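Q:
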Amino acid sequence: MAVADPRLLRWSETSEPSNRAEAMSSAEAFARHLAGQRLRERIFRGSTLAAAILLLLLLGGVVVSLLHGAWPAFSRFRLAFITKDVWNPVTDQYGALSAIYGTLVTSALAMIFALPVSFGIAVFLTELAPPWLKRPVGVAIELLAAIPSIIFGIWGLFVLAPALQNSVEPWMDGHLGELPLVGALFRGAPYGIGFLTAGIVLAIMIVPFISAVMRDVFETVPDVLKESGYGLGATTWEVIWRVVVPYSRTGMIGGIMLGLGRALGETMAVTFVIGNAHQISASLLSPGTTISAAIANEFTEATTPLYTSSLIALGVLLFVITFAVIAAARLMLLRLGRRALASA
Amino acid sequence: MIHEPRRAESHGAGGADAGRRFGDGGLNLKPSGRQHVSESLEGGSPVGEVSVADAVFSCRDVSVFYGDKQALKSVTIDVARRQVLAAIGPSGCGKSTFLRCLNRMNDTIPGARVTGTITLDGRDIYSKRQDVAQLRARIGMVFQKPNPFPKSIYDNVAYGPRIHRLARTRADLDDIVFTSLQRAGLWDEVKDRLSSLAIGLSGGQQQRLCIARALAVQPEVILMDEPCSALDPIATAHVEDLIEQLRASYAIVIVTHSMQQAARVSQRTAYFYMGQLIEVGDTDRVFTNPQHRLTEDYITGRFG
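These protein sequences, in sequence, are chains E and Y.
Per this note's numbering, the very first residue in the first sequence carries number 96; after that it's consecutive.
Per this note's numbering, the very first residue in the second sequence carries number 651; after that it's consecutive.
1) With DSSP as the reference, label G328 of chain E as helix, strand or coil.
2) Is DSSP giving G698 of chain Y helix, strand or coil here?
3) Leaving out the 5 sequence neighbours to the left and right, which residues in its chain are closer than 8 Å to T399 of chain E when beta-carbon positions are compared?
4) T384 of chain E and I407 of chain E - do their beta-carbons sit closer together than 9 Å?
5) What residue does the beta strand (DSSP E) around D875 of chain Y start on, and which one ends it?
6) Counting only C-beta atoms, is M956 of chain Y closer than 9 Å to chain E at any point?
7) Terminal residues of the continuous alpha helix (DSSP H) containing S387 of chain E?
8) Counting pairs of beta carbons, one from the segment 310 to 323 of chain E and one from the segment 264 to 278 of chain E, are three or more of them closer than 8 Å?
9) Indicate the three-state DSSP secondary structure (helix, strand or coil) for Q374 of chain E in the structure shown.
10) Which residue's Cα is closest to the Cα of T366 of chain E: E:D311, E:I246, E:S306 and E:P211?
11) By Cβ distance below 6 Å, which residues in the same chain neighbour L71 of chain E in space, the five residues on each side in sequence not counted?
12) Report buried or exposed for V158 of chain E, applying the criterion of at least 16 other Cβ atoms within 10 angstroms of its Cβ.
13) Which residue spans inside the segment 701 to 757 of chain Y form an unbroken beta strand (DSSP E) run of at least 3?
14) Starting from Y923 of chain Y and walking both ways along the beta strand (DSSP E), at which residues does that stretch end?
15) Please determine, among Y:L722, Y:R914, Y:R732 and Y:V871, the residue with the shortest C-alpha to C-alpha distance to L785 of chain Y.
16) Buried or exposed for D728 of chain Y, going by 16 or more other Cβ atoms inside 10 Å?
17) Should the segment 291 to 302 of chain E be regarded as contacting the segment 197 to 205 of chain E, the criterion being three or more beta carbon pairs within less than 8 Å?
18) Please list, in chain order, the residues of the segment 311 to 328 of chain E that have any C-beta partner in chain Y closer than 9 Å.
19) Within its chain, find whatever has a CB closer than 7 Å to the CB of A864 of chain Y; leave out the 5 residues flanking it on each side and keep chain order.
20) At a Cβ cut of 8 Å, what residues of the segment 330 to 357 of chain E count as close to chain Y, listed as they run along the chain?
21) Under DSSP, the beta strand (DSSP E) around G766 of chain Y begins and ends at which residues?
22) What does the alpha-carbon distance come out to for the pair E322 of chain E and A329 of chain E?
23) Any chance the segment 380 to 397 of chain E sits against the segment 191 to 199 of chain E, with 3 or more Cβ pairs inside 8 Å?
24) Give me whichever residues DSSP pairs with E929 of chain Y in a beta bridge.
25) Measuring CB atoms only, is the segment 741 to 749 of chain Y touching the segment 898 to 907 of chain Y, in the sense that at least three cross pairs come out at less than 8 Å?
26) On the DSSP letters alone, give me the boundaries of the alpha helix (DSSP H) that A962 of chain Y sits inside.
27) Please classify D947 of chain Y: is it buried, with 16 or more other beta-carbons within 10 angstroms of its beta-carbon, or exposed?
28) For V725 of chain Y, which of Y:A848, Y:D805, Y:D704 and Y:Y921 has the nearest alpha-carbon?
29) Excluding sequence positions up to five away, which residues of its chain have a Cβ less than 6 Å from the Cβ of V867 of chain Y?
30) Considering only the alpha carbon of each residue, which of E:D311, E:I242 and E:W166 lies closest to E222 of chain E?
31) Quick one: using the 10 Å Cβ neighbour count with 16 as the cut-off for buried, is N939 of chain Y buried or exposed?
32) Which residues in chain Y sit within 9 Å of P226 of chain E, going by Cβ to Cβ distance?
33) Could you tell me which uninterrupted alpha helix (DSSP H) segments, each at least 4 residues in length, are contained entirely in the segment 225 to 306 of chain E, listed from first to last along the chain?
34) What is the rounded straight-line gap between the Cα of P176 of chain E and the Cα of G190 of chain E?
35) Where do the ends of the beta strand (DSSP E) carrying V903 of chain Y lie?
36) Helix, strand or coil for V792 of chain Y? Go by DSSP, reduced to three states.
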């Protein structure tokens with residue numbers, strides 16, 4: 096019986112030589128053990144590979160079924176589907192421009208409101224908060240992120256919208272509506288529901304995400320860097336703006352994009368407060384719709400195949416927009432990295 | 651509560667406090683043959699010349715607490731103008747804590763508390779009216795590890811002048827950057843690549859850049875917290891030469907783990923142990939004729 100593996104040899108040598116048979120059998124047991132080990136390893140590797148491939152298949156499946164479902168609409172309306180803002184189920188005419196516009200406007204508004212607030216929260220939590228306040232505020236932010244979006248929708252519709260309708264919106268119409276250039280943004284009847292309300296609700300929803308990411312990246316800034324800023328006589332603001340922010344630029348962009356991605360795709364809360372009107376209006380006070388709100392609202396009413404297909408085509412557009420946002424973020428990071436390299 | 655610190659002489663001949671000899675406390679230190687002025691650890695007053703005629707900093711009864719832990723115990727010492735004061739002692743002895751009191755850097759640590767008085771040119775730096783940013787601008791600080799900002803070499807040096815608006819024109823700023831880099835002995839090495847990232851410099855160059863960055867704010871005092879601990883011997887020699895030159899115009903306090911370095915660069919040496927200032931005096935005297943047994947044990951390498 097040849098024992099080729101040197102490890103097996105050693106195994107048999109360590110056994111009592113007086114009982115060779117027992118030694119051989121324990122060597123066989125070890126060989127069996129090794130074979131079992133190899134098998135388990137192969138199964139483990141195989142299953143992780145399978146999981147990874149499954150992900151690719153799922154993504155491919157989603158893309159294929161989306162495109163397949165959207166095909167009738169795209170082939171019928173061609174480019175007009177994204178350039179026209181008619182959305183008329185009665186005449187079976189569909190153009191997605193108003194939904195695209197609403198999606199972009201509400202997300203932009205949300206970013207405008209959410210960015211400064213998130214930045215402030217992150218700075219406060221990392222640099223300024225007394226230790227006893229850090230945890231409560233940090234936990235509160237995480238809880239805010241855990242609130243289901245439908246709650247935000249209900250709150251937006253029953254609390255925020257009437258409040259805006261009665262106070263902020265008439266004030267805007269009266270005071271800001273007369274401004275040159277930007278006046279059109281604030282002119283109009285105070286409906287309560289519309290782009291502005293949706294933007295505010297979205298902002299509240301994405302603040303926890305952006306501020307949590309920003310807090311985490313701010314915390315990665317080495318203390319020695321901040322201290323050398325302070326050591327030069329910098330104030331907290333100067334240290335944050337000129338040391339912390341440049342250092343954590345990459346991570347901050349990541350957090351902002353995470354928030355933007357969520358704002359673009361958020362459905363339920365927006366559906367409650369956007370007004371669901373397929374129209375493009377310069378005024379932020381007027382109702383509109385977004386891609387995801389339109390899909391959620393109208394899917395059950397889609398009576399003709401073309402209507403259904405048009406809604407799926409809206410989904411394709413949302414997919415493209417979010418993909419473009421992620422790609423843009425990647426590109427921006429790449430360029431930042433290259434600039435840092437070029438100057439090195 | 652400024653009190654005249656007891657001078658070494660008042661301790662009387664060695665062994666006066668023999669009842670509280672440190673060796674009885676459980677730390678097994680070998681008794682040395684020499685007669686010491688003081689061998690006590692308790693009692694507060696350090697051995698040696700605490701005060702100087704021309705003091706920049708005067709620290710009186712300075713204690714520092716991090717939470718419940720007392721890191722510095724009632725330290726009384728002066729820092730002289732145009733002189734290098736070296737703070738030596740084993741790890742955790744409070745020498746860095748002492749340094750960080752001088753520019754109120756301890757304020758940035760949550761839970762840190764400082765008691766006693768520290769005056770800079772006669773004015774209490776812990777008074778409520780003191781603007782901390784302005785104080786730190788008058789006091790340059792160089793850290794253990796070179797820590798340039800993730801910016802260009804030029805922007806690193808220009809950081810301080812920019813936030814304090816020291817330069818009116820771009821030419822003024824260029825001039826400050828040039829002078830500071832020159833004083834730090836770095837100009838010739840970096841003049842052709844001022845716009846490249848500071849991270850690309852070698853460790854020694856980065857540390858001299860950090861010194862230039864501190865000089866650019868035109869400080870009166872420079873604090874150095876083990877500035878050479880991350881540097882190789884050649885870079886260390888560079889920085890030590892630089893300290894020697896800077897001494898002509900600045901008061902310098904340097905914390906160092908290397909007794910050789912303290913002996914080379916400083917005129918006065920302070921020995922800290924377990925949060926207390928044990929002995930302070932002329933460097934030559936402290937190293938050749940230490941008056942406290944703990945100091946002698948440390949500098950002769952019996953412990954630490």
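Ideal Cβ positions, reconstructed from N, Cα and C, are used throughout, including at glycine.
Just so it is clear, the structure is predicted and the values come from calculations on it, not from any experiment.
A: Taking the structure as given:
1) coil
2) strand
3) P184 and D187
4) no
5) V871 to D875
6) The displayed coordinates of chain Y run from 651 to 954. Any statement about residue 956 of chain Y would go beyond what the structure contains.
7) I386 to E393
8) no
9) coil
10) E:I246
11) In the structure displayed, chain E extends from 96 to 439; residue 71 of chain E sits before or after that span and is not available.
12) exposed
13) 705 to 716, 719 to 730 and 734 to 738
14) R918 to Y923
15) Y:V871
16) buried
17) yes
18) P317, D318, V319, L320, K321, E322, S323, G324, Y325, G326, L327 and G328
19) G790, M791, V792 and I872
20) T330, E333, R337, V338, P341 and Y342
21) A762 to L770
22) 9 Å
23) yes
24) Y:V697 and Y:Y921
25) yes
26) There is no way to answer for residue 962 of chain Y, as the model of chain Y reaches only from 651 to 954.
27) buried
28) Y:Y921
29) A787 and G810
30) E:D311
31) exposed
32) P760 and G761
33) 226 to 241, 244 to 250, 264 to 270 and 278 to 281
34) A small correction: the amino acid at residue 176 of chain E is Phe; Pro does not occupy that position in the sequence shown. Roughly 4 Å between the two C-alpha positions.
35) A901 to V905
36) strand
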